[in-house]
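Novice:
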Amino acid sequence: MTESEPIEMFIAVSNIGGVDEPEKELIAFDKVFLQAGETKHPRIDIDKHAAGHYDTSLKAWIAEEGRFHVPIRASSVDIRQMVSFELKDPLTWIFR
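For the sequence shown, counting from 1, position 32 maps to 47 in the working numbering; every step adds exactly one.
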């Protein structure tokens with residue numbers, strides 16, 4: 016019997032420099048299908064832009080410097096792994 020297992024990745028910022036942003040934000044998701052007793056190791060790539068938000072005054076996307084945490088989970092209460100990364104310098108970009 017095949018069952019599906021959701022994978023959710025949210026980004027959480029531990030120090031937001033005065034930016035009014037949500038505590039966490041969904042940045043990636045997937046679903047894997049498993050047979051009974053089967054284990055898989057799916058790969059989901061995220062890039063530096065996942066830490067960004069749109070700044071209306073700059074009319075550009077920015078990512079503040081700071082430490083970011085990405086819980087990898089199957090549900091809101093089932094965290095399977097925690098990954099962290101740090102942006103040492105702020106980023107600014109414009110999508111055209």
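From the three backbone atoms N, C-alpha and C, an ideal C-beta is built for every residue, glycine too.
Does the Cβ of Gly52 lie closer than 6 Å to at least one heavy atom of the ligand ZN?
Specialist: Within the structure as shown, the ligand ZN is missing, as the structure has no ligands at all.
Novice: What residue range is occupied by the uninterrupted beta strand (DSSP E) comprising Glu53?
Specialist: Segment: none, Glu53 is in no beta strand (DSSP E) and carries neither H nor E.
Novice: Under the rule that 16 or more other beta-carbon atoms within 10 Å means buried, what is Ile94, buried or exposed?
Specialist: exposed
Novice: Do you know how far the Cα of Lys39 is from the Cα of Ile109?
Specialist: 23 Å
Novice: List the endpoints of the continuous beta strand (DSSP E) containing Gly81.
Specialist: Gly81 to Ser90
Novice: How many angstroms separate the CA atom of Arg88 from the CA atom of Ile42?
Specialist: 12 Å
Novice: Have a look at Glu20, Lys55, Ser90 and His68 and flag the residue whose alpha-carbon is nearest the alpha-carbon of Glu80.
Specialist: His68
Novice: DSSP three-state label for Lys46, please.
Specialist: In the three-state reduction of the DSSP assignment, Lys46 falls in the strand class.
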